[in-house]
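For the sequence shown, the UniProt record's numbering puts the final residue at 283, and the numbers step up evenly by one.
Think of the CB as a built atom: it goes at the ideal place given N, C-alpha and C, for glycine as much as any other residue.
Keep in mind that this is a model prediction, so the values were computed, not measured.
Notes to accompany the following structure.
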Amino acid sequence: MEGFERRAVAPAHPVAPYIGGKKVLASDIIARIDQIPHVAYVEPFIGMGGIFLRRRSAPKLEVINDLSSEVANLFRVLQCHYVAFLDMMKFQITSRREFERLARTDPTTLTDMQRAARFLYLQRLAYGGKVSGQNFGIFRDKPGNFDVTRLGPVLEAAHERLAGVVIENLCYSEIITRYDAPTTLFYFDPPYWGSEKDYGRGLFSRADFQRLAQMLTKISGTFLMSLNDCPGVRECFSAFAFEEFEVPYTIAGGDKAPDAKEVLIFPHGQVRRAAAPDLFAAE
């Protein structure tokens with residue numbers, strides 16, 4: 001592809017746990033992303049950036065988006081106000097009472113930095129990385145998950161990775177319309193089928209899967225999508241190709257749950273092959 005150039009970037013960790021994170025599959029998904037020539041890389045459902053932040057190379061244009069105002073605001077603050085943001089959280093304590101106080105606070109009454117700090121605090125301390133219906137998570141074998149001395153380097157790495165990245169706060173359909181081009185690669189990580197309400201009210205519904213599938217048959221660019229493997233997903237996206245992955249799950253207490261299947265969905269004819277050595281990987 002003419003004009004397809006990649007620059008090396010330092011990978012970063014997601015700044016907080018998030019339901020549906022792609023830690024287990026990240027290396028497989030990123031290897032497939034890197035095989036597809038593209039000038040623009042667009043994620044309409046960024047969440048906590050489990051794929052985006054772990055990439056070791058970047059094209060000319062990167063766009064991250066989430067319809068959640070809390071997610072979009074956090075990334076904007078990390079991009080532009082990292083030092084002041086970290087300073088604001090310097091003396092934040094980890095306690096159930098503080099967690100519950102912030103959970104009751106209306107985020108629309110806060111400044112952007114206060115709102116980002118609230119969201120990050122709740123997300124790091126919520127049980128299981130839940131977004132909706134959060135409960136204070138406890139551990140019996142490790143420190144609390146909100147320690148600024150450990151969090152600082154994580155936030156700094158994310159701040160540096162976000163340099164030059166376009167951050168949007170739109171519906172996925174508008175992102176597709178605005179950024180679709182023959183040189184665009186979309187990576188979609190929508191809510192799992194059956195878990196549409198787990199990310200908050202009004203963000204995504206069962207009907208959106210069919211709407212998304214219809215839009216993807218008409219785009220000029222190409223795409224990858226990760227979802228849980230179930231009959232509804234197979235039927236809705238039957239116009240496309242599937243690749244299956246076995247994913248080991250754990251449950252509360254660290255016990256192993258039965259392996260689950262997830263799928264990568266992509267257009268027929270999109271080249272798949274064993275991952276080539278990553279020229280941008282750290283030695």
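DSSP three-state label for residue 243, please.
DSSP places residue 243 in strand when its eight states are reduced to three.
Residues that DSSP places opposite residue 65 in a beta bridge
DSSP, once it has assigned bridges, lists 168 as partnering residue 65.
Taking one C-beta from the stretch 218-226 and one from the stretch 180-195 each time, how about it: are there three or more such pairs within less than 8 Å?
Contact holds: three or more Cβ-Cβ distances are below 8 Å.
Give the range of the beta strand (DSSP E) segment to which residue 216 is assigned.
Residue 216 -> not in any beta strand (DSSP E); alpha helix (DSSP H) instead, spanning 206-216.
Please report the distance separating the alpha-carbon of residue 25 from that of residue 225.
Going from the Cα of residue 25 to the Cα of residue 225 covers about 12 Å.
Could you tell me the alpha carbon to alpha carbon distance between residue 48 and residue 73, rounded to whole angstroms?
The C-alpha of residue 48 lies about 12 Å from the C-alpha of residue 73.
Residue 127: beta carbon under 7 Å from a heavy atom of the ligand ZN?
Absent from the structure shown: the ligand ZN. Ligands present: none.
Buried or exposed: where does residue 106 fall if 16 or more other Cβ atoms within 10 Å of its Cβ makes it buried?
Exposed.
Exposed or buried, which one is residue 127 when buried takes at least 16 other CB atoms within 10 Å?
The residue is exposed, with fewer than 16 neighbouring Cβ atoms inside 10 Å.
Which residues in the same chain as residue 104 place their Cβ atom closer than 7 Å to its Cβ, once the five residues preceding and following it in sequence are excluded?
No residues qualify anywhere along the chain.
Based on the DSSP output, what are the partners of residue 41 in its beta bridges?
Under DSSP, residue 41 forms a beta bridge with 62, 185.
Give the range of the beta strand (DSSP E) segment to which residue 225 is assigned.
Start and end: 222-228.
Using only alpha-carbon positions, find the residue among 135, 120, 159 that is nearest to residue 146.
Ranking the options by Cα distance to residue 146, first place goes to 120.
Roughly how far, in whole angstroms, is the beta-carbon of residue 22 from the beta-carbon of residue 51, given that I think they are within contact range, below 8 Å?
Contact holds; Cβ gap of about 6 Å.
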